[in-house]
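K.L.:
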Amino acid sequence: MWIYVTGRTFLERLPHDGDLYRAIENAFTAADIKTGVFNAIGAVKRATISFYDQRDHCYVNRYVDQPAEILCCTGNISESDGKIFVHAHITLSLSDSTVIGGHLNEGTVIFAGELAGFEMIGKQARREFDNVTGLKLWRP
Ligand code: ZN
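Residues 114 to 253 (the numbering used here) are what the sequence shown spells out, left to right.
1) For the beta strand (DSSP E) containing residue 133, list its first residue and its last residue.
2) Between which two residues does the beta strand (DSSP E) harbouring residue 232 extend?
3) Measure the alpha-carbon distance for residue 138 versus residue 209 and round it to whole angstroms.
4) Rounded to whole angstroms, what's the CA-CA distance from residue 195 to residue 133? Just pull it up for me.
5) Which residue spans inside the stretch 180-207 form an unbroken beta strand (DSSP E) run of at least 3?
6) Anything with a beta carbon under 6 Å from a heavy atom of the ligand ZN counts; list them all in chain order.
7) Is DSSP giving residue 248 helix, strand or coil here?
8) Since residue 191 and residue 251 should fall inside the 8 Å C-beta cutoff, what is the C-beta to C-beta distance between them, to a whole number of angstroms?
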């Protein structure tokens, strides 16, 4: 466990037709925050999410080719290979009120969105490859 103090916080209106994953990355880059957490709500025109296959150690993409509400998009910011790394999950509500969700990828187009970001002051969170899971996890 690492203990942090909450630093700056920000709100950002996400750009219509922007890419949700990149918009989150851009907001934290612009604020020069390299360790943090966030949440976002809003709506998307379409989405690209994925599910991690724990046996085969690979992400399986799923495409949501319809408008959806962002019920919750949450995640964290750390560093991987010297760059800001966004790890985000998203829960979407479709027009029939069914829910789908997963790991957020590029290819999710914003209709409207509101992002709340929180800087965490303390040890720089960094990722490294983990042989057991096949994922880039936080370095102990
Ligand atoms: Zn994930």
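We put the CB at the ideal spot given by N, CA and C, even for glycine.
P.N.:
Let's see:
1) For residue 133, there is no enclosing beta strand (DSSP E); the enclosing alpha helix (DSSP H) covers residues 133-143.
2) It spans 222-234 - the beta strand (DSSP E) in which residue 232 sits, taken as one unbroken run.
3) Linking residue 138 to residue 209 through their CA atoms gives a straight-line distance of about 31 Å.
4) Spanning the two alpha carbons is a distance of roughly 22 Å.
5) Correct list: 181-193 and 196-206.
6) Counting only residues whose CB is nearer than 6 Å to a non-hydrogen atom of the ligand ZN, the list in chain order is 200, 202 and 216.
7) In this structure, DSSP gives residue 248 a state outside helix and strand, which the three-state scheme calls coil.
8) Contact check for residue 191 and residue 251: beta-carbon distance about 6 Å, within the 8 Å limit, so the pair qualifies.
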